[in-house]
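Protein chains: 2
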Amino acid sequence: MTAMQFQPSADFARQLDEQDELSAFRHRFVIDDPNLIYLDGNSLGRLPRRAADRLAQAVHQEWGRRLIRGWNDGWMDLPSRLGAKIAALVGARPDEVLVADSTSVNLFKLAVAALRARPNRRKIVSDVFNFPSDLYIFQGIIDLLNQGHRLELIPSSDGVSIEPADIRAAIDEETALVSLTHVAFKSAFRYDMAQVNAWARQAGALTLWDLSHSVGAVPLRLNEWGADMAVGCTYKYLNGGPGAPAFLYVRRDLQADLRQPIWGWLGADRPFDFSLTYTPGDSIHRFRVGTPPVLSMVAIEAGLEILLEAGIDRVWAKSARQTEYLIYLFDQRLAGLGFSLGSPRSPACRGSHVSLRHPDAYRITQAMIQAAPGPQVVPDFRTPDNIRLGIAPLYTTYTDIYRAINRIETIVTERLYEAYPAIPQGVT
Amino acid sequence: MTAMQFQPSADFARQLDEQDELSAFRHRFVIDDPNLIYLDGNSLGRLPRRAADRLAQAVHQEWGRRLIRGWNDGWMDLPSRLGAKIAALVGARPDEVLVADSTSVNLFKLAVAALRARPNRRKIVSDVFNFPSDLYIFQGIIDLLNQGHRLELIPSSDGVSIEPADIRAAIDEETALVSLTHVAFKSAFRYDMAQVNAWARQAGALTLWDLSHSVGAVPLRLNEWGADMAVGCTYKYLNGGPGAPAFLYVRRDLQADLRQPIWGWLGADRPFDFSLTYTPGDSIHRFRVGTPPVLSMVAIEAGLEILLEAGIDRVWAKSARQTEYLIYLFDQRLAGLGFSLGSPRSPACRGSHVSLRHPDAYRITQAMIQAAPGPQVVPDFRTPDNIRLGIAPLYTTYTDIYRAINRIETIVTERLYEAYPAIPQGVT
């Protein structure tokens with residue numbers, strides 16, 4: 050990224066869009082409501098046109114006509130075929146990634162395996178920014194194993210970032226596992242993964258990254274950065290469809306040493322032998338469990354192909370520029386209106402969304418998702434005061450960002466949000 | 050079932066079809082190849098026409114246009130909405146069933162919960178007929194807990210049935226859990242569930258049934274029969290689509306006592322509070338884990354609606370009659386050709402498929418799935434010598450059965466199967 054001067058006009062936004070070398074990729078997605086500014090691709094990515102076609106084929110041709118024979122025609126390989134494509138996006142080898150289960154189930158499998166691989170250590174290091182489901186999974190494992198494991202959560206002093214020194218200090222000879230979300234779901238704070246991996250390796254601990262808010266948006270070089278394990282979801286920047294199955298990554302030379310605890314038949318060495326005794330597969334396949342949900346899986350492939358074609362480095366370059374532009378407009382237009390920036394200012398420490406904090410964030414969000422006056426803007430609200438604006442460079446335009454900030458400014462200066470109820474007790 | 054006389058002619062099969070009060074339901078499914086006799090609905094059920102429509106709507110209208118708002122429009126309730134419909138098919142209350150994860154993951158969750166609810170007992174009772182994935186899951190749990198649990202498998206003396214006396218003898222004061230597949234995947238042997246539940250209850254053990262080969266085909270009255278827990282898949286007789294998510298059942302008054310070990314956010318009491326500490330939900334929702342795969346879930350609903358409309362008692366009455374008819378034709382036409390019947394003769398001890406055993410079963414199966422000469426018949430081969438013929442009464446016709454038996458007879462009497470290779474070493 051070269052530092053660049055932005056300008057505050059609508060014309061300038063249009064100019065940026067005209068210069069955007071990725072602009073053609075927007076047409077790969079179904080986008081048919083010009084009045085909708087969708088800034089929630091970090092929660093649910095848009096529908097790739099080819100995903101709809103591919104799914105129709107899977108339903109009518111494969112399920113409808115091929116029936117059970119679909120398993121031999123390609124369904125059985127979906128977990129590894131999709132995994133190989135994700136591997137290319139995260140800097141891993143094709144045989145190190147699988148699509149299976151949900152992010153939480155995958156985290157359970159790998160975290161249990163990691164703790165069993167470090168039987169004399171009792172500490173799991175994570176942070177207060179981690180997605181709660183990840184922390185819940187660790188709490189459940191600690192309760193299940195009942196061996197005195199403990200979860201240490203690194204705090205944040207400013208609610209935006211985690212101090213590297215605090216991470217370094219937390220990782221010690223007692224640490225079995227360091228598990229962090231690479232890009233934090235609220236603030237978009239991004240870790241220096243290579244650095245954390247190095248500290249963990251030095252201390253003899255394993256690392257397990259949640260890439261849900263990273264994959265498809267920021268550069269990832271899992272092999273080069275020495276990551277041991279990772280999980281992530283496919284329905285955000287990968288555009289894989291609502292609740293689409295998750296992925297997991299295990300470094301090749303660790304696979305044989307890790308025993309995941311859910312011994313489903315498709316993780317067995319030879320599932321169709323129907324042997325009465327489980328023998329784990331000798332590769333990434335040992336991390337499979339049950340029969341994959343084919344329809345939700347076939348929908349994933351088109352989004353991966355678009356990202357591979359666009360190239361993750363170009364996607365990230367645009368993301369960094371767009372979030373910088375958003376923050377520039379924020380400084381110009383919103384900073385004096387009771388907002389504070391809830392995300393790091395440096396793109397090197399940031400993912401692909403920007404969090405704006407405001408005491409009336411809940412009501413402002415309600416006003417944004419109404420269509421009139423002005424365009425409808427769909428962000429995410431995250432308790433207690435975050436308006437999360439997601440940048441999905443494959444389809445988010447600079448004009449989208451410009452119009453969204455305009456609309457937020459109008460809502461606040463004209464106090465339009467006061468027409469909406471305050472955050473209800475217990476409804477977050 | 051009244052005993053009835055069958056006749057061996059094609060005309061008689063046609064007559065049975067004409068008298069079939071469920072025949073109209075066949076048209077609810079996509080069936081467009083008159084030369085294909087599909088007897089594998091017990092592996093993958095056919096595509097309901099409405100499932101295709103519903104899925105297209107979910108893709109284009111919901112994902113494509115509503116985007117993230119789809120979660121508020123109904124996606125979040127899919128696990129319980131589908132669960133309530135399955136509850137009506139299995140004789141449970143609507144708040145006792147959920148659709149989530151895979152059968153193996155659900156079995157893991159509930160079996161761990163059961164063992165922890167019986168902390169002073171060390172025995173899991175199952176049988177050699179259980180689907181291997183179920184046994185693998187138990188083996189994995191035993192390995193994980195490392196508390197000296199053991200798995201006792203009731204044998205079968207004839208490869209077709211399990212002796213009730215053997216089950217009774219296996220369930221004792223040491224037994225924490227009795228977990229069986231209600232209808233065995235190879236022989237279709239069916240347990241007297243109420244009887245087994247009574248024995249378990251008497252001994253203080255919990256029961257966990259795998260209904261994968263029962264649900265949608267045979268009568269189930271989980272509440273009335275005193276079942277504690279159950280799991281099952283939705284892609285066989287429920288016609289939910291390839292690899293569609295599984296379901297789980299937990300008796301209402303047990304729910305609060307069972308702690309499942311995979312603490313994902315959607316099993317938490319208030320997931321959108323994003324609290325850093327897990328508190329389990331106070332109902333069946335505590336057995337949820339991660340975000341549901343929406344597309345694979347919406348495909349399930351149409352099949353459930355067809356079954357509810359047809360009525361499970363009528364479906365079962367037709368299934369019993371069709372399997373009886375199949376066995377009648379087997380006796381007439383195949384019994385002298387090296388075949389033996391691999392399923393119980395009494396419908397009271399049988400599910401909705403019939404297993405034919407033959408030393409050349411693998412080669413015969415290969416010949417059956419070829420289209421010429423004669424119709425293409427799709428069964429399942431199950432190692433070492435089972436040809437599994439599945440009856441799905443919503444769309445299987447008597448003429449299908451008649452033609453299939455004819456074709457098998459031709460393949461064996463004319464030795465057409467000899468054109469196919471013997472079962473390869475290790476390819477089963």
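Chains A and B, in that order, give the protein sequences. For the first sequence, my numbering assigns the number 50 to the initial residue and increments by one for each residue that follows. For the second sequence, my numbering assigns the number 50 to the initial residue and increments by one for each residue that follows. Note that CB positions come from ideal geometry on N, CA and C, so glycine has one too.
Cβ shell of B/R406 (< 7 Å), same chain only, five flanking positions each side left out: To locate residue 406 of chain B, count along the second sequence from 1; it is residue 357. These residues qualify, in order along the chain: F388, S389, G391, D434 and N435.
DSSP-derived helix/strand/coil call for B/K285: If you number the second sequence from 1, residue 285 of chain B lands on position 236. In the structure shown, B/K285 sits in coil (DSSP, three-state: anything other than H, G, I, E or B).
C-alpha distance - B/H262 paired with B/R452, whole-angstrom precision: Mapped onto the second sequence, residue 262 of chain B falls at position 213. Mapped onto the second sequence, residue 452 of chain B falls at position 403. When the Cα atoms are used, B/H262 and B/R452 turn out to be separated by approximately 24 Å.
Option nearest B/E350 by Cα separation, candidates B/A369, B/G265 and B/L386: As a first step, residue 350 of chain B is located in the second sequence; it is residue number 301 there, counting from the start. When each option's Cα is compared against that of B/E350, the closest is B/G265.
Three-state class that DSSP yields for B/A468 in the structure shown: For the purposes of this step, residue 468 of chain B is taken as the residue at position 419 of the second sequence. Residue state, collapsed to three classes: helix.
Touching by the beta-carbon criterion (3+ pairs, under 8 Å), the region 458 to 474 of chain A and the region 70 to 90 of chain A: Cβ pair count under 8 Å is below three, so no.
Contacts of A/Y87 in chain B (Cβ-Cβ under 7 Å): Against the first sequence, residue 87 of chain A aligns to sequence position 38. By Cβ distance, chain B contributes L116.
Cβ-based burial, A/E358 [other Cβ within 10 Å; buried from 16]: What you label residue 358 of chain A is simply residue 309 of the first sequence in a count that begins at 1. Burial call: exposed.
Residues from the region 72 to 84 of chain B in contact with chain A, defined by Cβ distance under 8 Å: Here the close residues are V79, D81 and D82.
Nearest residue (CA-CA) to A/I203, options A/V227, A/E222 and A/L307: Here residue 203 of chain A refers to the residue found at position 154 when the first sequence is read from its first residue. Residue nearest to A/I203 within the set A/V227, A/E222 and A/L307 is A/V227 (criterion: CA-CA distance).
is_contact[B/P342, chain A] using C-beta, thresh 9 Å: Reading the second sequence from its first residue, position 293 is the one you call residue 342 of chain B. It does; some Cβ of chain A falls within 9 Å.
Contact with chain B by A/G197, beta-carbon distance below 9 Å: Position 148 of the first sequence, counted from the first residue, corresponds to residue 197 of chain A. Interface flag for A/G197 against chain B is unset, since no Cβ pair is found closer than 9 Å.
Reduced DSSP category for B/D449 - H, G, I as helix; E, B as strand; rest coil: The residue labelled residue 449 of chain B in the question sits at position 400 within the second sequence. Secondary structure at B/D449: helix, using DSSP grouped into helix, strand and coil.
C-beta contact flag for A/G439 and A/T445 at 9 Å: Working through the first sequence from its first residue, we reach residue 439 of chain A at position 390. Working through the first sequence from its first residue, we reach residue 445 of chain A at position 396. Yes.
B/M346 at chain A interface by Cβ criterion, 9 Å: If you number the second sequence from 1, residue 346 of chain B lands on position 297. Output row for B/M346: interface = yes.
Residue-level contact to chain B via CB, A/A233, 9 Å cutoff: For the purposes of this step, residue 233 of chain A is identified with residue 184 of the first sequence, where counting begins at 1. Output row for A/A233: interface = no.
Per-residue DSSP class, three states only, for A/F157: Stepping through the first sequence from its first residue, residue 157 of chain A is reached at position 108. If DSSP states are grouped into helix, strand and coil, A/F157 belongs with the helices.
Per-residue DSSP class, three states only, for B/Q54: Taking the first residue of the second sequence as position 1, residue 54 of chain B is located at position 5. The answer is coil: DSSP assigns B/Q54 none of H, G, I, E or B.
Close-in-space but distant-in-sequence residues of the same chain around A/P306 (CB under 7 Å, 5 per side omitted): Translated into the one-based positions of the first sequence, residue 306 of chain A becomes position 257. The residue asked about is misnamed: residue 306 of chain A is Asp in this sequence, not Pro. If you ignore the 5 residues before and after A/D306, its C-beta comes within less than 7 Å of the C-beta of A166, all in its own chain and listed in chain order.
Beta-bridge partners of A/D429, as assigned by DSSP: By 1-based counting over the first sequence, the position of residue 429 of chain A is 380. BP columns for A/D429 point to A/R437.
Bridge partner(s) assigned by DSSP for A/R239: Counted from its first residue, the first sequence places residue 239 of chain A at position 190. Paired residues: A/V232.
Secondary structure of B/T477, DSSP reduced to three states: Numbered from its first residue, the second sequence carries residue 477 of chain B at position 428. Here B/T477 scores only 40 on pLDDT, less than 50, and its place in the model should not be relied on; the value that follows carries that caveat. Of the three classes helix, strand and coil, the one that applies to B/T477 here is coil, per DSSP.
Presumed contact (8 Å Cβ cut-off) between B/L147 and B/P128, rounded CB distance: Against the second sequence, residue 147 of chain B aligns to sequence position 98. Against the second sequence, residue 128 of chain B aligns to sequence position 79. Between the beta-carbon of B/L147 and that of B/P128 there is about 5 Å, and that keeps the pair under the 8 Å contact cut.
Interface residues of chain A facing B/T432 [CB-CB closer than 9 Å]: Start at 1 with the first residue of the second sequence, and residue 432 of chain B comes out as number 383. The contacting residues are F321, D322 and F323.
Candidates B/S205, B/V299 and B/V427: closest to B/D331 by CA position: Numbered from its first residue, the second sequence carries residue 331 of chain B at position 282. The residue with the shortest Cα to Cα distance from B/D331 is B/V299.
Cα-Cα separation, A/L257 to A/I190: Against the first sequence, residue 257 of chain A aligns to sequence position 208. Against the first sequence, residue 190 of chain A aligns to sequence position 141. Roughly 15 Å between the two C-alpha positions.
Buried/exposed call for B/M50, threshold 16 Cβ in 10 Å: By one-based count along the second sequence, residue 50 of chain B stands at place 1. Its pLDDT being 41, under 50, B/M50 is placed unreliably by the model, and the measurement read from it follows with that caveat. With fewer than 16 other Cβ atoms from the protein chains shown falling within 10 Å of its own Cβ, B/M50 counts as exposed.
Beta-carbon contacts of A/T372 that lie in its chain and below 7 Å, excluding the five residues immediately before and after: On the first sequence, residue 372 of chain A is found 323 positions in, with the first residue counted as 1. Only P396, R399, S401, V403 and I440 meet the Cβ criterion.
Delimiting residues of the beta strand (DSSP E) encompassing B/L147: Here residue 147 of chain B refers to the residue found at position 98 of the second sequence. Looking at the DSSP string, the run of the beta strand (DSSP E) that includes B/L147 is V146 to V148.
Interface residues of chain A facing B/H109 [CB-CB closer than 9 Å]: Taking the second sequence and counting its residues from 1, the one referred to as residue 109 of chain B is at position 60. What B/H109 touches in chain A, judged by beta-carbon distance under 9 Å, is V79, L96 and A101, going in chain order.
Inside the region 177 to 202 of chain A only - alpha helix (DSSP H) runs reaching at least 4 residues: Secondary structure within the region 177 to 202 of chain A: the alpha helix (DSSP H) runs of 4 or more consecutive residues, fully enclosed, are 181 to 194 (chain order).
Stretch-stretch touch, CB-based, cutoff 8 Å, three pairs: the region 218 to 226 of chain B with the region 173 to 190 of chain B: Three or more beta-carbon pairs drawn from the region 218 to 226 of chain B and the region 173 to 190 of chain B are found closer than 8 Å, and the two stretches are therefore classed as touching.
Other residues of its chain near A/R337: CB distance less than 8 Å, five sequence neighbours each side excluded: Mapped onto the first sequence, residue 337 of chain A falls at position 288. Taking C-beta separations shorter than 8 Å and ignoring five residues to either side along the sequence, the partners of A/R337 in its chain run P128, L147, A149, G313, L315, G316 and G330, following chain order.
Under 9 Å by beta carbon: chain B residues contacting A/F157: Numbered from 1 along the first sequence, position 108 holds the residue referred to as residue 157 of chain A. Under the 9 Å cutoff, chain B gives P310, I311, W312, G313 and V338.
B/L104 at chain A interface by Cβ criterion, 9 Å: Walking along the second sequence from the start, residue 104 of chain B turns up at place 55. Judged by the 9 Å Cβ criterion, B/L104 is in contact with chain A.
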